[in-house]
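Going by the numbering used here, the residue at position 239 of the sequence shown is 259; the numbering climbs one at a time, nothing skipped. Heads up, the beta-carbon is just placed ideally off N, CA and C, and yes, glycines get one too. Here's the structure, in structure tokens; my notes come after.
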Amino acid sequence: MTILDTLADSARQRVQAAKKQVSPDEIRSRALSLPAGGFEFEKALAKPDISFICECKKASPSKGIIAEDFPYLQIARDYQQADADCISVLTEPTKFLGCDEYLREIAAAVDIPCLRKDFTVDEYMIYEAKLLGARAVLLICAILDEQQIKEYIGICDKLGISALVEAHDEAEITMAKNCGARIIGVNNRNLKDFTVDVENSRRMRELVPEDILFVSESGIQTAKDIEQLRNMGVNAALIGETLMRAADKSAKLRELKGIRHE
21 MTILDTLADS ARQRVQAAKK QVSPDEIRSR ALSLPAGGFE FEKALAKPDI
71 SFICECKKAS PSKGIIAEDF PYLQIARDYQ QADADCISVL TEPTKFLGCD
121 EYLREIAAAV DIPCLRKDFT VDEYMIYEAK LLGARAVLLI CAILDEQQIK
171 EYIGICDKLG ISALVEAHDE AEITMAKNCG ARIIGVNNRN LKDFTVDVEN
221 SRRMRELVPE DILFVSESGI QTAKDIEQLR NMGVNAALIG ETLMRAADKS
271 AKLRELKGIR HE
């Protein structure tokens, strides 16, 4: 089994446990009773220049603990102050050491839209995301089939939240387009062996129509990387480890944007 398979299996176990606490009918009812969102996440990615999705994560499967000290609310506020467009919050607990409460608190503390970064394997998790305050969820082609993704995008549409459909290769790009994805994220990290190749975004960008928002994920470290993505016509960059390892995250984000300190 790959790391991705393990994470997906773990997510299924979490969902089964959650359903014993709150039934699927109840979680669906609660989520649908909230006011529908206005697709704020995808609107934030549709601005003329490249957008920045900044990540809050304590650890990762490939690097282990990234942030021993993890003042997640302060990190989120720093991102907002540095004009991040969105925040990605890890809620996966086993390898990323995330939790739902991080997302709930961050979404309540900032005014920019949050993505629930997790391994969505059941519609239950989409309703959870809405209740936690997320404005978007991650749907990974490698662990879902076309029918599931279509259904999950439909649920997101009812809730007024966005679906970031993640692909890694040409076949998955085709799958995402077939499912009606409005946002396609290309992970430069191979989720089967966790190697990184930023050129993956260049190869995949050519396969995605201009009317679909394109997000480059993982391995982005410098302002030069951002400029290359901008020149490719990438709409947004999702940046995790580079920011999480920076002592001054606001300064690092400004540096990535190419803003010099006056």
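Relative to R202, the option among R250, I169, A191, N210 whose CA is nearest is I169. The beta carbons of A183 and G153 sit no closer together than 8 Å. With respect to the C-alpha of Y144, the residue from S43, Q241, A87, V218 having the closest C-alpha is S43. In the DSSP secondary-structure assignment, S71 is bridged to A256. Partner residues in a beta bridge of G57, as assigned by DSSP, do not exist. Spatial neighbours of E237 in its own chain (CB-CB distance under 6 Å, excluding positions within 5 residues in sequence) are listed in chain order as G205, N207, L258.
The segment 119-179 is shown to contain whole beta strand (DSSP E) runs of 3 or more residues at 134-137, 156-160, in chain order.
Counting only residues of its own chain and dropping the five nearest sequence neighbours on each side, S82 has a CB closer than 7 Å to the CB of F214. Counting along the chain, E219 sits inside the alpha helix (DSSP H) bounded by residues 219-225. Between the segment 94-112 and the segment 134-143, the count of C-beta pairs closer than 8 Å reaches three or more; the two stretches touch.
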